[in-house]
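Residue numbers (the working numbering): 11 to 80. We put the beta carbon where it would ideally sit given N, CA and C, even for glycine. Just so we're clear, the structure is a prediction, and the values are computed from it rather than from any experiment. Below: the structure, in structure tokens.
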């Protein structure tokens, strides 16, 4: 026995979807973030003003450090 049923969900916390990360990082609705990224100049200004790239980098570094501790 494998301990799972066909069609049943996995145990534990659900995986985070890519779009959920985008919403968290940009703090914008999905439609608005898509429109913003389509205009390169607008996106660069948004990233600079809101520090999106810096927050992404810091979160990634924290995740890597936490994985290496385990």
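- Task: To the nearest angstrom, report how far apart residue 32 and residue 44 are at their CA atoms.
- Result: 10 Å
- Message: Only counting the same chain, and skipping five residues up and downstream in sequence, which positions put a Cβ closer than 6 Å to that of residue 61?
- Response: Exclusion of the five residues before and after residue 61 leaves no residue of its chain whose Cβ lies closer than 6 Å to its Cβ.
- With a CB to CB cut of under 6 Å and the five nearest residues on each side skipped, what residues in its chain are close to residue 56? 46
- Item | Burial state of residue 34 (16 or more Cβ within 10 Å) | exposed
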